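Residue numbers (the numbering used here), protein chains in the order written: chain Z, 1 to 199; chain V, 1 to 199.
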């Protein structure tokens, strides 16, 4: 039995779809679906182009590894949040090209090696958003190129301190905590991504 | 200098707010804000009541600890997702009462002990959503009480296997990965939440 067949008692099927909101930033669809028991139901959700997050590693032979982080005011939660660099995919852009662009624009760093950790889904109840997660190393500093109206601080922190911040509530951003999960397994040696040279 | 003063170069201030969409499920606000440099900008975001997630532990003296998980079709990402039990807060409901209700409704389990791990913010770019995370142990099985139109499978898994699934892409739900981060530090003994008896 294939995975699809095994999930037949859970899957919902599209009956009809309509755009019900187009703002200056958010687009919302409202679909009518058939539930597994044949009943109809409504699903409303944000349509998102997808995003990338970068875990930038500052490795050194004479001190423990550090990561580059940002502090940015996030209006919906009315707080300055600690998070890994991230940004939305441009149309037609590969996730690696987006990761390289966002890292350079927001932090000024360029990396010589990249490795894909995986994908995360931050809002499975009401958004199509996915975030591709890339590790970057061999970092060379350079000038930032922030968008007009973009304000954020860049800093770095030992990996062990970031893990502590995720445990004790100083970091609450879910994508950054998911990144910390991979990061911990990477620094402990329990897990290795596949590195490639930057193009 | 207080934290607020230190963040003055990052913070945005509300100028005006308007509801721009009210669907059957999603509500969107569009606020005009003053950026740190005085320019005006638009912020569109989903208003969410907040939610809880439960990490239900099946502890035993004769086998490694396991956790209770769900498989549920999530329409926006068109996939059956592996995730911890979770649900939205009812008006006026405490996060612990919500955690107890959601665990019982979705899985049938009642727990004798509860411990708060912390809070996560899944969508800081465009939603007010927060998720309070609770550990539950001393689980007693009972009948589920799913809402009409709710379809989900309940199963359990050794903690070590869940961690592997988060690393290798079988789990991509960000809230569940953030939960796995706390879970790993709990099972390794590196971090302990404060347990309380169920009321």
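Cβ coordinates follow ideal geometry from the N, Cα and C atoms, glycine included. Please read these numbers as outputs of a predicted model, since none were measured by experiment.
#### Entry: Delimiting residues of the beta strand (DSSP E) encompassing residue 180 of chain Z
As a working mapping, residue 180 of chain Z is identified with position 180 in the first chain. First-last for residue 180 of chain Z: 174 to 187, but that is the alpha helix (DSSP H), not the beta strand (DSSP E).
### Query
How big is the Cα-Cα spacing for residue 143 of chain Z and residue 103 of chain Z?
What you label residue 143 of chain Z is simply residue 143 of the first chain in a count that begins at 1. What you label residue 103 of chain Z is simply residue 103 of the first chain in a count that begins at 1. Cα to Cα, the separation comes out at about 11 angstroms.
### Query
Helix, strand or coil: how does DSSP classify residue 71 of chain Z here?
If you number the first chain from 1, residue 71 of chain Z lands on position 71. Strand, per DSSP.
### Message
On the criterion of 16 or more Cβ atoms from any shown chain inside 10 Å, does residue 155 of chain V qualify as buried, or is it exposed?
### Response
On the second chain, residue 155 of chain V is found 155 positions in, with the first residue counted as 1. When all chains shown are included, residue 155 of chain V counts as exposed.
### Query
To the nearest angstrom, how far is it from the Cα of residue 24 of chain Z to the Cα of residue 127 of chain Z?
Translated into the one-based positions of the first chain, residue 24 of chain Z becomes position 24. Translated into the one-based positions of the first chain, residue 127 of chain Z becomes position 127. Distance between the alpha carbons of residue 24 of chain Z and residue 127 of chain Z is about 17 angstroms.
### Message
Run through chain V and tell me which residues come within less than 8 angstroms of residue 120 of chain Z, C-beta to C-beta.
### Response
What you label residue 120 of chain Z is simply residue 120 of the first chain in a count that begins at 1. Neighbours of residue 120 of chain Z on chain V, chain order: 172, 173, 174 and 177.
#### Entry: Chain-ordered chain Z contacts of residue 20 of chain V [CB-CB under 8 angstroms]
Counted from its first residue, the second chain places residue 20 of chain V at position 20. Result: 21 and 23.
### Task
With 8 angstroms as the limit, tell me which residues of the segment 52 to 70 of chain Z have their beta carbon closer than that to any beta carbon of chain V; keep them in chain order.
none
### Query
In chain Z, what lies closer than 8 angstroms to residue 182 of chain V by C-beta?
Mapped onto the second chain, residue 182 of chain V falls at position 182. Chain Z residues near residue 182 of chain V: 167.
### Query
Given a threshold of 16 other Cβ atoms within 10 Å of its Cβ, counted over all protein chains shown, does residue 146 of chain V qualify as buried or as exposed?
The sequence position of residue 146 of chain V within the second chain is 146, counting from 1. Answer is exposed; the Cβ neighbour count stays below 16.
### Task
Under the assumption that residue 120 of chain Z contacts residue 172 of chain V (Cβ atoms under 8 angstroms), give the Cβ distance between them as a whole number of angstroms.
Translated into the one-based positions of the first chain, residue 120 of chain Z becomes position 120. Translated into the one-based positions of the second chain, residue 172 of chain V becomes position 172. About 5 angstroms; that satisfies the 8 angstroms criterion.
### Whole-angstrom C-beta distance between residue 137 of chain Z and residue 111 of chain Z, which should lie under 8 angstroms
Counting from 1 along the first chain, the entry for residue 111 of chain Z is found at position 111. Counting from 1 along the first chain, the entry for residue 137 of chain Z is found at position 137. With a Cβ gap of about 6 angstroms, residue 111 of chain Z and residue 137 of chain Z count as contacting.
#### Entry: Beta-carbon neighbours of residue 73 of chain Z, restricted to chain V and to distances below 9 angstroms
Looking up residue 73 of chain Z in the first chain gives position 73. The answer, in chain order, is 7, 10, 11, 12 and 36.
### Message
I'd like to know whether the C-beta of residue 44 of chain V is nearer than 8 angstroms to at least one C-beta of chain Z.
### Response
Translated into positions along the second chain, residue 44 of chain V becomes position 44. True, the Cβ-Cβ gap to chain Z drops below 8 angstroms.
### Query
How would you list, in chain order, the residues of chain Z whose beta-carbon sits under 9 angstroms from the beta-carbon of residue 112 of chain V?
As a first step, residue 112 of chain V is located in the second chain; it is residue number 112 there, counting from the start. By Cβ distance, chain Z contributes nothing, its closest Cβ being about 25 angstroms from residue 112 of chain V, past 9 angstroms.
### Task
Can you tell me the Cβ-Cβ gap for residue 195 of chain V and residue 115 of chain V, rounded? I've got them flagged as a contact below 8 angstroms.
Mapped onto the second chain, residue 195 of chain V falls at position 195. Mapped onto the second chain, residue 115 of chain V falls at position 115. Confirmed, Cβ separation roughly 5 angstroms.
### Task
Sort Z:11, Z:99 and Z:152 by Cα distance to residue 89 of chain Z and report the nearest one.
Counting from 1 along the first chain, the entry for residue 89 of chain Z is found at position 89. Selected option, being the one with the closest Cα: Z:99.
### Query
Taking the Cβ atom as the reference point for each residue, do residue 44 of chain V and residue 66 of chain V lie within a distance shorter than 8 angstroms?
One-based indexing of the second chain puts residue 44 of chain V at position 44. One-based indexing of the second chain puts residue 66 of chain V at position 66. Result no, Cβ atoms of residue 44 of chain V and residue 66 of chain V do not sit closer than 8 angstroms.
### Message
Under 8 angstroms: do the segment 32 to 42 of chain Z and the segment 80 to 87 of chain Z share three or more Cβ pairs, one atom per stretch?
### Response
no
### Query
Who are the neighbours of residue 151 of chain V on chain Z, taking C-beta pairs under 8 angstroms?
Counted from its first residue, the second chain places residue 151 of chain V at position 151. Per Cβ cutoff of 8 angstroms: 9, 10, 35, 36 and 37.
### Query
Tell me the DSSP bridge mates of residue 95 of chain Z?
For the purposes of this step, residue 95 of chain Z is identified with residue 95 of the first chain, where counting begins at 1. As DSSP reads the structure, residue 95 of chain Z sits in no beta bridge.
### Query
Under 8 angstroms Cβ-Cβ, which residues of chain Z neighbour residue 41 of chain V?
What you label residue 41 of chain V is simply residue 41 of the second chain in a count that begins at 1. Listed along the chain, the chain Z residues whose CB falls inside 8 angstroms of the CB of residue 41 of chain V are 149.
### Query
Taking Cβ-Cβ distances shorter than 7 angstroms, what residues in chain Z pair up with residue 30 of chain V?
The count along the second chain starts at 1 and reaches residue 30 of chain V at position 30. The answer, in chain order, is 23.
### Task
Please list the residues of the segment 75 to 103 of chain V that have a C-beta atom closer than 9 angstroms to any C-beta atom in chain Z, keeping them in chain order.
75, 76, 77, 78, 79, 80, 81, 83, 86 and 88
### Query
Does the distance from the CB of residue 174 of chain V to the CB of residue 141 of chain V come in under 8 angstroms?
Start at 1 with the first residue of the second chain, and residue 174 of chain V comes out as number 174. Start at 1 with the first residue of the second chain, and residue 141 of chain V comes out as number 141. No; because the gap between Cβ atoms is not below 8 angstroms, this pair is not in contact.
### Task
Name, in chain order, the residues that DSSP records as bridge partners for residue 78 of chain V.
Residue 78 of chain V sits at position 78 when you count from the first residue of the second chain. According to DSSP, which records beta bridges pairwise, residue 78 of chain V is partnered with nothing at all.
### Task
Confirm, please, whether the CB-CB distance from residue 35 of chain V to residue 149 of chain Z is below 8 angstroms.
To locate residue 149 of chain Z, count along the first chain from 1; it is residue 149. To locate residue 35 of chain V, count along the second chain from 1; it is residue 35. In contact: residue 149 of chain Z and residue 35 of chain V (Cβ atoms closer than 8 angstroms).
#### Entry: Sequence-distant residues of its chain with Cβ nearer than 7 angstroms to residue 180 of chain Z (five each side left out)
Reading the first chain from its first residue, position 180 is the one you call residue 180 of chain Z. The residues are 162, 163 and 166.
### Query
Using a C-beta cutoff of 8 angstroms, does residue 109 of chain Z count as contacting chain V?
Residue numbering aside, residue 109 of chain Z sits at position 109 when the first chain is read from its first letter. For residue 109 of chain Z, the nearest beta carbon of chain V is not closer than 8 angstroms to its own beta carbon.
#### Entry: Straight-line Cα distance separating residue 192 of chain Z from residue 184 of chain Z
The count along the first chain starts at 1 and reaches residue 184 of chain Z at position 184. The count along the first chain starts at 1 and reaches residue 192 of chain Z at position 192. Computed Cα separation, rounded: 11 angstroms.
### Message
Considering just the uninterrupted stretch of the alpha helix (DSSP H) at residue 159 of chain V, what are its terminal residues?
### Response
The residue labelled residue 159 of chain V in the question sits at position 159 within the second chain. In the DSSP annotation of this structure, the continuous segment of the alpha helix (DSSP H) that includes residue 159 of chain V starts and ends at 159 to 168.
### Message
Could you check whether residue 58 of chain Z and residue 139 of chain Z sit closer than 8 angstroms to each other, using their CB atoms as the reference points?
### Response
Stepping through the first chain from its first residue, residue 139 of chain Z is reached at position 139. Stepping through the first chain from its first residue, residue 58 of chain Z is reached at position 58. Their beta carbons are under 8 angstroms apart, which means residue 139 of chain Z touches residue 58 of chain Z by this criterion.
### Message
Give me, in chain order, the residues of the same chain whose beta-carbon lies closer than 7 angstroms to that of residue 51 of chain Z; leave out the 5 immediate sequence neighbours on both sides.
### Response
Within the first chain, residue 51 of chain Z is the residue found at index 51, counting from 1. Only 86, 87, 88, 89, 129 and 131 meet the Cβ criterion.
### Task
Report yes if the C-beta distance between residue 73 of chain Z and residue 11 of chain V is below 8 angstroms; otherwise report no.
Taking the first chain and counting its residues from 1, one reaches residue 73 of chain Z at position 73. Taking the second chain and counting its residues from 1, one reaches residue 11 of chain V at position 11. Yes, Cβ-Cβ distance for residue 73 of chain Z and residue 11 of chain V is below 8 angstroms.
### Task
Establish whether the CB of residue 200 of chain V and some CB of chain Z are separated by less than 8 angstroms.
With chain V covering 1 to 199 only, the question about residue 200 of chain V has no answer from this structure.
#### Entry: Chain-order list of residues whose beta-carbon lies under 7 angstroms from that of residue 38 of chain V (same chain, five-residue window excluded)
Taking the second chain and counting its residues from 1, the one referred to as residue 38 of chain V is at position 38. Excluding its 5 nearest sequence neighbours in each direction, residue 38 of chain V has no C-beta neighbour in its own chain below 7 angstroms.
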